[in-house]
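Going by the working numbering, the first residue of the sequence shown is number 1435, and it counts up by one from there.
Note that the Cβ used here is the ideal one computed from N, Cα and C, for glycine as well.
Written below as structure tokens is the structure these notes are about.
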Amino acid sequence: MIFIRNKELTEIKASKFSLGGMRTGEKIFKEEVINYQEDDLLYLFTDGYADQFGGEKAKKFSSKRLRELFLDIHRLPMTEQKQKMAKTTADWQGELEQIDDMLVIGIKL
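Pasting the structure below:
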């Protein structure tokens, strides 16, 4: 999860459990409390974006590149953010196969 306030990005690490599946035993998820202000942004996303292969050397997009993309687009209206993310992903992926689900939910608070 990424939280952006006043051009400052904070990454909130997820618990190391996947949702669903056949894992046995108790799953304990860490609770996070965010004190938000008007115009803060919150991005929830799957690992599919960062793990997607592409670019000139067919490497992973990377978490670093994804954080930079969020900082680049966060001031745009949500519809433009969606378009920029879609174009960036398509340009990066090129002709390579999509390897995982890619979901981003952006919330302007």
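Handout entry: Collapsed DSSP secondary structure at Thr1522 in the structure displayed
Key = Residue numbering aside, residue 1522 sits at position 88 when the sequence shown is read from its first letter. Three-state result, Thr1522: helix.
Exercise for the section: Express the C-alpha separation of Ile1438 and Gly1489 in angstroms, rounding to a whole number. Expected result: Counted from its first residue, the sequence shown places residue 1489 at position 55. Counted from its first residue, the sequence shown places residue 1438 at position 4. Approximately 26 Å between the Cα atoms of the pair.
Practice task
Decide if Phe1463 is buried, meaning its Cβ has at least 16 other Cβ atoms within 10 Å, or exposed.
Solution key: Here residue 1463 refers to the residue found at position 29 of the sequence shown. Exposed: under 16 other Cβ atoms inside 10 Å.
Practice task
Taking Ala1492 as the reference, give the member of Thr1523, Ala1448, Val1538 with the closest Cα.
Solution key: Reading the sequence shown from its first residue, position 58 is the one you call residue 1492. Residue Thr1523 is the option with its Cα nearest to Ala1492.
Practice task
Using beta-carbon positions only, say whether Met1585 and Val1538 come within less than 8 Å of one another.
Solution key: In the structure displayed, the chain extends from 1435 to 1543; residue 1585 sits before or after that span and is not available.
Handout entry: Beta-bridge pairing of Glu1529 - partner residues as DSSP gives them
Key = In the sequence shown, the residue the question calls residue 1529 occupies position 95. In the DSSP assignment, Glu1529 is bridged to no other residue.
Handout entry: Three-state secondary structure assigned by DSSP to Lys1498
Key = Numbered from 1 along the sequence shown, position 64 holds the residue referred to as residue 1498. Helix, per DSSP.
Problem - Length of the line joining the Cα atoms of Lys1447 and Ile1436 - result: Taking the first residue of the sequence shown as position 1, residue 1447 is located at position 13. Taking the first residue of the sequence shown as position 1, residue 1436 is located at position 2. Each residue's alpha carbon lies about 9 Å from the other.
Problem - Cut-off 8 Å between Cβ atoms - residues of its own chain near Leu1505, not counting five sequence neighbours on either side - result: If you number the sequence shown from 1, residue 1505 lands on position 71. Excluding residues within five positions, the ones whose Cβ falls inside 8 Å are Ile1438, Lys1441, Leu1443.
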